[in-house]
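Trainee: The opening position of the sequence shown corresponds to residue 21 in the numbering used here, with each subsequent residue numbered one higher.
Below: one structure in structure tokens.
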Amino acid sequence: MIPYGRQNISQDDIDSVIEVLKSDFLTQGPKVPDFEATLAKKVGASYGVAVNSATSALHIACMALDLGPGDFLWTSPITFVASANCALYCGASVDFVDIDPATYNLCAKALEKKLVSAEKNGLLPKVVVAVHLCGQSCDMERIWELSRRFGFKIVEDASHAIGAKYKEHYVGCGRFSDLTVFSFHPVKIVTSGEGGMVMGNDETLLEKLRCLRSHGIVRDKALMKREADGPWYYEQVSLGYNYRITDIQAALGLSQLARLDEFVSRRNDLAVEYNKLLTDLPIRLPYIDPKNYSAFHLYVIRLKTEKIQKSHLEVFNAMREKGISVNLHYIPVHLQPFYKQLNTNFSNLNEAESYYREAITLPLFPDLQPEKQLYISQTLRESLGGFD
Ligand SMILES: *Cc1c(COP(=O)(O)O)cnc(C)c1O
């Protein structure tokens, strides 16, 4: 099977992990702060707080922004469930904003409309999670302007978008958000095995994030409530978690970061090649807004089902039968059984639902070879059956 995504591990990556295994620290050593500082510098953020997954990163980002019971978090329904679950971890509620018909990202126009009516009902969100689907940034400047007008915080879920740029700046610099989250799961653009990071610029949030990552414990005297009893002393000042990443993982992530731009550029080349190979088919190719340089975590096409004799499911199955592990990103979160039984009235999500009826993710990863890409394109052409 040709997978839809796959990590690329070099000898340098392997060596850097072995180096940690032979060192004094497997966790809480020097590789974690090195990984944090290197990525912060790369994307132009003041700091990064590395954790064991992007899911944990989303959780502590929401906690640091004081999301809690009685609050609302809004996000896109076309995302991985973690972008919404973080609200529920905090005891807050979730609602969804429909997607933009061109980019499939959270639609700024739909957001504005929903904010205007939420203001009348006194139900404005505290946090909006802007998911950069497939590696293309949301229209952050517009969402930022809305956050000034309506008073909400912004978390960018950039799990797909490390190495991407919005208006010439790396995603993660935080020009138009409060915090940004990256994922280092192996299917993403750079990997640490498992891992995530929160990027930010506000120093008060930094203290909270560090504290939440490790049990709510502080060791800095300036942050303690009372005088130290002795050199062993530390204080638990809030309820945190063990969301720490290991030095073994941080070493892999750090080593991978050296090839970030290379990975993203290769993904863009492959996307351009797909665009050429698929241009005459009855499908919609990915649209990249001119403000964006996408990281192309995913290459998603949409079937023009009215022009094709085969159904979406038949096309999907035909590709899988030919050894191509096509996928679908994502099942709209509001249609998940768990979200349905929350009994919230999720409405006006028609774009998201029609996207779900048409979208297919084609394989895309740095080691995808030209002959494989040709095979995928030809197989797709055959799988569509007859078309006008
Ligand atoms: C992968 C992913 C996550 C979760 O990342 P983990 O590191 O696996 O926890 C969250 N949001 C989106 C959009 C993702 O694709």
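Don't be surprised by glycine CBs; every beta carbon is placed ideally from N, CA and C.
Here's the rule I'm using: 16 or more other beta-carbon atoms within 10 Å means buried, otherwise exposed. How should Asp289 be labelled?
Mentor: exposed
Trainee: Taking a cut-off of 6 Å, which residues have a beta-carbon closer than that to any heavy atom of ligand 1, in chain order?
Mentor: Ser73, Ala74, Thr75, Thr99, Phe100, Ala102, Ser103, Val151, Asp177, Ser179, His180, Ser203, His205, Gly216
Trainee: Tell me, to the nearest whole angstrom, how far the beta carbon of Phe92 is from that of Leu143; I am working on the premise that it is less than 8 Å.
Mentor: 6 Å between Cβ atoms; contact.
Trainee: In terms of residue numbering, what span does the beta strand (DSSP E) encompassing Glu176 cover?
Mentor: 173 to 177
Trainee: Considering only their Cβ atoms, is the gap separating Gly405 from Lys330 smaller than 7 Å?
Mentor: yes
Trainee: Does the beta-carbon of Ile321 have 16 or more other beta-carbons within 10 angstroms, so that it is buried, or is it exposed?
Mentor: That one is buried.
Trainee: Could you tell me which residues DSSP puts in a beta bridge with Val149?
Mentor: Thr95, Val175
Trainee: Would you call the segment 215 to 224 in contact with the segment 337 to 353, where contact means no fewer than 3 C-beta pairs closer than 8 Å?
Mentor: no
Trainee: Is there contact here, the segment 351 to 358 with the segment 76 to 87, by at least three beta-carbon pairs under 8 Å?
Mentor: Cβ pair count under 8 Å is below three, so no.
Trainee: Answer yes if the segment 272 to 290 comes into contact with the segment 252 to 260, meaning at least three C-beta pairs across the two stretches below 8 Å, and no otherwise.
Mentor: no
Trainee: Would you kindly work out how many angstroms separate the C-alpha atoms of Thr47 and Leu394, rounded to a whole number?
Mentor: 44 Å
Trainee: Give me the Cα-Cα distance between Leu382 and Leu297, rounded to the nearest whole angstrom.
Mentor: Between the alpha carbons of Leu382 and Leu297 lies a gap of roughly 13 Å.
Trainee: When DSSP builds the beta bridges, which residues end up paired with Lys185?
Mentor: Tyr190, Tyr313
Trainee: Determine the direct distance from the alpha carbon of Tyr319 to that of Ile163, and round the result to whole angstroms.
Mentor: Between Ile163 and Tyr319, the C-alpha separation is close to 24 Å.
Trainee: Run the CB neighbour count on Val292, radius 10 Å, all protein chains shown included, and call it buried at 16 or more, exposed below.
Mentor: exposed
Trainee: If you reduce the DSSP assignment to three classes, tell me which class Met217 lands in.
Mentor: strand
Trainee: Strictly by DSSP, which residues pair up with Tyr376?
Mentor: According to DSSP, residue pairing for Tyr376 in a beta bridge does not occur.
Trainee: Just the Cα atoms here: how many angstroms apart are Val238 and Ile119?
Mentor: Rounded to the nearest angstrom, the gap between the Cα atoms of Val238 and Ile119 is 41 Å.
Trainee: Please report the distance separating the alpha-carbon of Ala122 from that of Ala372.
Mentor: 11 Å
Trainee: Are the CB atoms of Val117 and Lys134 within a distance shorter than 7 Å?
Mentor: yes
Trainee: Assuming Gly68 is part of the beta strand (DSSP E), what are its boundary residues?
Mentor: Gly68 -> beta strand (DSSP E) spans 67 to 71.
Trainee: Could you tell me which whole alpha helix (DSSP H) segments of length 4 or greater appear in the segment 250 to 338?
Mentor: 267 to 277, 280 to 298
Trainee: Which residue marks the beginning of the alpha helix (DSSP H) containing Asp35, and which one marks its end?
Mentor: Element bounds for Asp35: 31 to 41.
Trainee: Look at the alpha carbon of Arg246 and the alpha carbon of Ile209, and state the distance between them as a whole number of angstroms.
Mentor: Approximately 44 Å, taken between the alpha carbons.
Trainee: Reducing DSSP to helix, strand and coil, say where Thr75 ends up.
Mentor: If DSSP states are grouped into helix, strand and coil, Thr75 belongs with the helices.
Trainee: Give the straight-line distance between the Cα atoms of Asp54 and Tyr109, rounded to the nearest whole angstrom.
Mentor: 29 Å
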